[in-house]
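Numbering (our numbering), first residue to last: 80 to 286. Note that beta-carbon positions come from the ideal geometry of N, C-alpha and C, so glycine has one too. Here is the structure we will look at.
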């Protein structure tokens, strides 16, 4: 009897699998076990409230917020970290939550747009965006506002950007600084000048 090379390889793979499996586990049970995702418990402090989740290890922070905690203010745009619609503040720093796994943030403080303010208690940055029409379709606005809040903190903390003239002197609150720091947040409606006006107003009022 002649066995083709393809049949020989298939037979070898099946035989190797059979020997590798414990004798008391059937092929069906073995396959079902492989399909079970690895899960982890994650404790987060989200918008000032302790939350505990049991998530697939592959769950992004964005999906944990939207699908598990139903905080849908943070938007899923490009899902590649290029548009900034998913921006949230984690331990005082802004991040693209679509690129970060939930399990990486055990014990972290997470602030979403809902945590900054609600319609009856607006954050100054939210109020300024409304005043200056810093939003149009509104899809990118949650990420824009979270970034804007973090940007002002960066400037006040003296963190330079690529356009800062000095690495040792405090950055200036000028349009070029704000534009550079906000460049990771894309507005397809083109409300950029209004966004800069909103951020500038909040910065001046809180100086």
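Range covered by the beta strand (DSSP E) that runs through residue i
| i | result |
| --- | --- |
| residue 118 | 118-125 |
| residue 169 | 166-169 |
| residue 190 | 188-190 |
| residue 257 | No beta strand (DSSP E) contains residue 257, which is instead part of the alpha helix (DSSP H) from 254-260. |
Rounded separation between residue i and residue j - CA only
| i | j | result |
| --- | --- | --- |
| residue 221 | residue 176 | 12 Å |
| residue 155 | residue 165 | 6 Å |
| residue 231 | residue 282 | 7 Å |
| residue 151 | residue 267 | 20 Å |
| residue 252 | residue 228 | 14 Å |
| residue 238 | residue 255 | 15 Å |
| residue 242 | residue 260 | 9 Å |
| residue 134 | residue 181 | 8 Å |
| residue 271 | residue 128 | 33 Å |
| residue 194 | residue 125 | 8 Å |
| residue 116 | residue 284 | 50 Å |
| residue 202 | residue 114 | 45 Å |
C-beta contact flag for residue i and residue j at 9 Å
| i | j | result |
| --- | --- | --- |
| residue 275 | residue 246 | no |
| residue 277 | residue 211 | yes |
| residue 224 | residue 192 | yes |
| residue 149 | residue 138 | no |
| residue 178 | residue 160 | yes |
| residue 163 | residue 264 | yes |
Residue interval of the alpha helix (DSSP H) (run including residue i)
| i | result |
| --- | --- |
| residue 205 | 203-210 |
| residue 273 | 271-284 |
Exposure of residue i, with buried meaning 16 or more beta-carbon neighbours within 10 Å
| i | result |
| --- | --- |
| residue 136 | exposed |
| residue 213 | buried |
Just checking, does the segment 185-196 make contact with the segment 114-128 on the three C-beta pairs under 8 Å criterion?
Yes, they touch.
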